[in-house]
Every structure is written in structure tokens, then in C-alpha cells.
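Just so you know, we're using our numbering here: the sequence shown kicks off at 260 and counts up by one.
C-beta: ideal position from N, C-alpha, C; glycine also.
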Amino acid sequence: MLDIVELSRLQFALTAMYHFLFVPLTLGMAFLLAIMETVYVLSGKQIYKDMTKFWGKLFGINFALGVATGLTMEFQFGTNWSYYSHYVGDIFGAPLAIEGLMAFFLESTFVGLFFFGWDRLGKVQHMCVTWLVALGSNLSALWILVANGWMQNPIASDFNFETMRMEMVSFSELVLNPVAQVKFVHTVASGYVTGAMFILGISAWYMLKGRDFAFAKRSFAIAASFGMAAVLSVIVLGDESGYEMGDVQKTKLAAIEAEWETQPAPAAFTLFGIPDQEEETNKFAIQIPYALGIIATRSVDTPVIGLKELMVQHEERIRNGMKAYSLLEQLRSGSTDQAVRDQFNSMKKDLGYGLLLKRYTPNVADATEAQIQQATKDSIPRVAPLYFAFRIMVACGFLLLAIIALSFWSVIRNRIGEKKWLLRAALYGIPLPWIAVE
Numbered sequence: 260m261l262d263i264v265e266l267s268r269l270q271f272a273l274t275a276m277y278h279f280l281f282v283p284l285t286l287g288m289a290f291l292l293a294i295m296e297t298v299y300v301l302s303g304k305q306i307y308k309d310m311t312k313f314w315g316k317l318f319g320i321n322f323a324l325g326v327a328t329g330l331t332m333e334f335q336f337g338t339n340w341s342y343y344s345h346y347v348g349d350i351f352g353a354p355l356a357i358e359g360l361m362a363f364f365l366e367s368t369f370v371g372l373f374f375f376g377w378d379r380l381g382k383v384q385h386m387c388v389t390w391l392v393a394l395g396s397n398l399s400a401l402w403i404l405v406a407n408g409w410m411q412n413p414i415a416s417d418f419n420f421e422t423m424r425m426e427m428v429s430f431s432e433l434v435l436n437p438v439a440q441v442k443f444v445h446t447v448a449s450g451y452v453t454g455a456m457f458i459l460g461i462s463a464w465y466m467l468k469g470r471d472f473a474f475a476k477r478s479f480a481i482a483a484s485f486g487m488a489a490v491l492s493v494i495v496l497g498d499e500s501g502y503e504m505g506d507v508q509k510t511k512l513a514a515i516e517a518e519w520e521t522q523p524a525p526a527a528f529t530l531f532g533i534p535d536q537e538e539e540t541n542k543f544a545i546q547i548p549y550a551l552g553i554i555a556t557r558s559v560d561t562p563v564i565g566l567k568e569l570m571v572q573h574e575e576r577i578r579n580g581m582k583a584y585s586l587l588e589q590l591r592s593g594s595t596d597q598a599v600r601d602q603f604n605s606m607k608k609d610l611g612y613g614l615l616l617k618r619y620t621p622n623v624a625d626a627t628e629a630q631i632q633q634a635t636k637d638s639i640p641r642v643a644p645l646y647f648a649f650r651i652m653v654a655c656g657f658l659l660l661a662i663i664a665l666s667f668w669s670v671i672r673n674r675i676g677e678k679k680w681l682l683r684a685a686l687y688g689i690p691l692p693w694i695a696v697e
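If you want it as C-alpha cells, here you go:
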């Protein structure tokens, strides 16, 4: 039976997944529209203006749906996670407010000018508007991912026991959070791939049907060229994201790779396996020697810590968290003892681990040994969903690389539309970016 917390998490997850059906396409198509219109301004050819208008209509529908679903998700911070919003509002609220005031208003204002300004603005003016739409959409992603990056790597903040809130200590450190930066570039690059694949696939459909061939051929060429740069960026930036994960999110990395034991450095990469959460092992595994250690640590002598060793560390932090919780209660009850305050400040980084016990007992400080062991198991995620989802994402990425690279090669050789099987691959490959990003 799901409790209220699990139901809230499920609802928010479904809302976020639905919203993210539209976000990557907005990010990608905005820049593709800007490129198409720039070609129109530079060449003066009417067909590029027609392309911008046609794809702009699809962009507009997608943009409207993205805004509507995004607002629903924002409201759920208050309806589902009101205590969390209060707890982290000093940090979390700042980038979201900047996103609304700077990026979203910029984006939404110029979207209106994009659609209604064709007969009211000059060619160069309208082109600048389109570029500002693209800039605004990417600025939105930046500030949202700054907030998300803090959730994954909560730096630039400090817990104040008097207000029971996290408080920001450095805005610049928050913005320059390495997790936020690497997630931003990886996410927007995946959006560029999504936009490119969307236009590539639909253009392929037009050519397969023999309709508007000149229009489809030019759209295909721009999408393939832009997509080639984007898909290569995704692969490189994804590698950087994995390296950053190994530095600050060791449990997440170990779960994604189903690393139960700490292997001698450099660790082998499990290409495919069957994780068993109960037995804490992999029933079957095909491994590539040394690969994981080199990818995750960029060295041959740094180990990738396994989940079993991490759970031992987590158990120690849970016990420290119990002490921190007890000290917090003393401070909240009015204790002015400086020794208690100093001891709490030295242990408060583990308070969250202690609060894992709240699921099993209302009094964290008096948790039993069995409850501590259960909370320790809870400190690692379900391995199988993460493990297989990551491999599906990587497989989709390399399929996209193959389709886009072959399409780009046909553009270079001026043989667009000659290979029917390639056009079909581009058409049927449209869902791949969404499967990867979701």
C-alpha cells in the first residue's frame, strides 16, 4: 500500500515526465528556427522563410503545451511538497524566480513577436527576435538546472536550526555548481538532438511521399548538420556528466553500474548484467576490463566504490545523524550550551541520513538496530531500474548517432533522399530522443 509520500512522488514524477515531453523539443527547435531564418536573411530565398513559418507552427504548439504542463509542475511544489518548499525556499526559490522574471518573460514575449511580427518587423529585426526566443528557452533551462543541480549536490548553503531551513551562503557558488553546469550543457544538447531528429524524421516522411521535395530536402540538410554537432556534444558531455557523478554522487554511479563490490582499480565496466537487489550481486554480467575506472575516474589507480562499502559508510552516517537529531532537539528546546551547538554543527551534515529512520520510528534518537539496518538498505536506490534505464539511454544515443551521421553524410555528398532505407530509419527514429531523455 502506497503512503502519501510515495503517492506524491509518483504524481510529481508523472507530471515531470509529461512536461519533459515538450521541453527538449522546444530547446532544439528554437535554435533550428533561428538558423533557418538566418539562412533566409542571408540568402533572400523565400523557401527558407516558408520553412521557418512551417516549423514555427509546430514549435508554437509544443511551446504552449510545455508552458501549461510546466505551470502544473510548479504548483505541485506547493501542493505536494509544501514543507520541502519552505525548507529549501531560500536557495531553490532564487533560481526559479530568476527563470520566471528573466528567461520565461523574455521567451514568451518574443514568441508573440515571432508569430505576429512577420508583417510588422524588418527581416533582420524578426531574425533577432527568433534568436532571442532561442536564448530565452536556453536561459530557462539554465536556471531550472541550477535548482536541480543544488538538489543533487547541495553546496553554497547551510542549515539554520533556529529557522529549520536551508539558507544560501553564496549565490555565485550556487550558479557555478559543477553538477548544475554539466547537467545544463548535457540537457540542452539532448534537446538539440531531439529538435534535429524531429525535423529530420518529418522531412524524411515528406520525401518518402514525394511531397514538397525541395522544402523537405533543405529542412533535412539543416537538421542533419545541426544534429551531427548536437549528438557528438551529447556523447562528450554525457561522459563529463558521468565523471562528475563519480566525484559527488558515488551511490548514484554505483547503482547505475550495478557495482556491488569495490573492484581493484581500474574497475571493469558491466556492459550487461542482471542485478539482484536482495542478494546484492549480479546474477549475470558481461564486462569490459578497466573501462569503468577510466571513464568514471579518469585514472587507472582510483577505485569506484561499490554499493556494499557505501552502505557501511551510510550506516555510520545514520548513527551520526541520530546523534545530530538528538542535539537538534536539545537546541530546539532552548539549550544555550555552546558545546551542544558546536557538536551539532560538526554533525549536522549527517542529519539527513538520520532522518531516513523517520519511516520506521517517530523518535529517531531511539531507533533499534533492526531499524538502522533497514534505513541503511534504504540509503541506496533500486538498482535494476537505474541500471537498465541507463543502458537503454546509451543504446538510443548510439542509434541516433548512426542515423544522424548517415544523414549528414548524404548531405555532404549531395545525395539526400536517394536511400529510402535511410529515410525510413530517420522517420522511425523520431521517438528515440524521447526514450533517451525520459
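1. By alpha-carbon positions, which one of 336, 616, 306 ends up nearest to residue 637?
2. To the nearest whole angstrom, what separates the beta carbons of residue 566 and residue 514, a pair I think is in contact under 8 Å?
3. What do you reckon, are the CB atoms on residue 415 and residue 405 nearer than 8 Å?
4. With DSSP collapsed to three states, give me the class of residue 410.
5. Going by beta carbon distance, what residues of the same chain come within less than 6 Å of residue 612, once the five residues before and after it are set aside?
6. Pull up the CB-CB distance for residue 458 and residue 314, whole angstroms please, since I reckon it's below 8 Å.
7. Below 8 Å, how does it come out for the segment 370-379 and the segment 308-327: are there three or more Cβ pairs, yes or no?
8. Output needed for residue 244: all residues of its chain with C-beta closer than 8 Å, excluding positions within five of it in sequence on either side, in chain order.
9. Considering only C-alpha positions, which residue in the set 359, 420, 385 is nearest to residue 227?
10. Just mark residue 421 as buried or exposed, buried being the case when its beta carbon has 16 or more other beta carbons within 10 Å.
11. Can you list, in chain order, the residues of its chain whose CB lies under 8 Å from that of residue 357, leaving out five sequence neighbours each side?
12. With DSSP as the reference, identify every bridge partner of residue 545, one or two as the case may be.
13. Mapping the DSSP letters down to three states, classify residue 470 as helix, strand or coil.
14. Is the segment 466-484 touching the segment 503-517, taking contact as three or more C-beta pairs under 8 Å?
15. With distances taken between CB atoms, is the gap from residue 691 to residue 681 smaller than 8 Å?
16. For residue 426, report the span of its beta strand (DSSP E) as first-last.
17. So, at 7 Å on beta carbons, what are the nonlocal neighbours of residue 623 in its own chain, with the 5 sequence-adjacent residues on each side left out?
18. Do you know how far the Cα of residue 289 is from the Cα of residue 390?
19. Tell me the rounded alpha-carbon separation between residue 685 and residue 472.
20. I need the boundaries of the beta strand (DSSP E) containing residue 419, first residue and last residue.
21. Quick check on DSSP: helix, strand or coil for residue 540?
22. Taking the C-alpha atoms as reference points, what is the distance between residue 688 and residue 453?
The structure says:
1. As a working note, residue 637 is residue 378 in the sequence shown. Nearest C-alpha to residue 637: 616.
2. On the sequence shown, residue 566 is found 307 positions in, with the first residue counted as 1. On the sequence shown, residue 514 is found 255 positions in, with the first residue counted as 1. About 7 Å separates the two Cβ atoms, so the contact holds.
3. For this step, residue 415 is matched to residue 156 along the sequence shown. For this step, residue 405 is matched to residue 146 along the sequence shown. In this structure, residue 405 does not lie closer than 8 Å to residue 415 by Cβ.
4. The count along the sequence shown starts at 1 and reaches residue 410 at position 151. Looking at residue 410 - three-state DSSP - the assignment turns out to be helix.
5. In the sequence shown, residue 612 corresponds to position 353, counting from 1. Once the five neighbours on either side are set aside, the close Cβ partners of residue 612 are 576, 577, 580.
6. Here residue 458 is taken as the residue at index 199 of the sequence shown, counted from 1. Here residue 314 is taken as the residue at index 55 of the sequence shown, counted from 1. Indeed, because the Cβ distance is near 6 Å, the residues count as touching under 8 Å.
7. yes
8. Lying before the first or after the last residue shown, residue 244 is absent from the chain, which here runs from 260 to 697.
9. A query on residue 227 cannot be resolved here, the shown segment of the chain reaching from 260 to 697 and no further.
10. For this step, residue 421 is matched to residue 162 along the sequence shown. Residue 421 should be labelled exposed.
11. For the purposes of this step, residue 357 is taken as residue 98 along the sequence shown, with counting starting at 1. Counting only Cβ-Cβ distances below 8 Å, and skipping sequence neighbours, we find 402.
12. The residue labelled residue 545 in the question sits at position 286 within the sequence shown. DSSP lists 531 as partners of residue 545.
13. Residue mapping note: residue 470 aligns to position 211 of the sequence shown, counting from 1. In the structure shown, residue 470 sits in coil (DSSP, three-state: anything other than H, G, I, E or B).
14. no
15. As a first step, residue 691 is located in the sequence shown; it is residue number 432 there, counting from the start. As a first step, residue 681 is located in the sequence shown; it is residue number 422 there, counting from the start. Contact: no.
16. By one-based count along the sequence shown, residue 426 stands at place 167. Start and end: 424-427.
17. Locating residue 623 in the sequence shown gives position 364, counting from the first residue. Only 581, 584, 613, 614, 616, 617 meet the Cβ criterion.
18. If you number the sequence shown from 1, residue 390 lands on position 131. If you number the sequence shown from 1, residue 289 lands on position 30. When rounded, the distance between both Cα atoms is 8 Å.
19. Within the sequence shown, the letter at position 426 stands for residue 685. Within the sequence shown, the letter at position 213 stands for residue 472. Answer to the nearest angstrom: the Cα atoms are 16 Å apart.
20. Against the sequence shown, residue 419 aligns to sequence position 160. Start and end: 416-419.
21. Sequence index remark: in the sequence shown, residue 540 carries index 281 (1-based). It is a strand residue.
22. Counting from one through the sequence shown, the residue named residue 688 turns up at place 429. Counting from one through the sequence shown, the residue named residue 453 turns up at place 194. Going from the Cα of residue 688 to the Cα of residue 453 covers about 10 Å.
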